[in-house]
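Data block below; observations after.
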Amino acid sequence: MTANKLKALLAAASTAVLVACGGGGGGTAEMMKADPLAAIPASATASPSAYQAYQAEVLALPTSQTDRAEPIDVSNLTLAQSDTTEPFDTN
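Numbering-wise (the numbering used here), the sequence shown opens with residue 1 and increments by one.
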């Protein structure tokens, strides 16, 4: 194989690989947002209101998404507590 044919073959292979990967990161912020059902984020344990906001986010998810999700491991979960705010309803 001549050097020119090898260069042409490498160029074609490189182009095919770049086309196959589909470019890069054109996703929206919504698409890149972390899955709230994968694990409870550390930010949700910062304060009672932060956990309440996380809980509202999970409750707003469509049932089709929550019904097929695996249970979240809460064995090491420690929620923040407040001595000054009233408890909130978790239902």
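All residues carry an ideal CB built from backbone N, CA and C; glycine is no exception.
Computed from a predicted model, the values in this text were never measured in an experiment.
- Collapsing the DSSP output to three states places P36 in coil.
- About 7 Å separates the beta carbon of P36 from that of Y54, a gap short enough to meet the 8 Å contact definition.
- Minimum Cα-Cα distance from A44 among the listed residues P62, L59, T78, A60 corresponds to T78.
- Judged by their CB atoms, A46 and A69 are not nearer to each other than the 7 Å cut-off.
- Here T66 carries a helix assignment [DSSP, helix/strand/coil].
- Rounded to whole angstroms, the gap between the alpha carbons of T63 and S75 is 24 Å.
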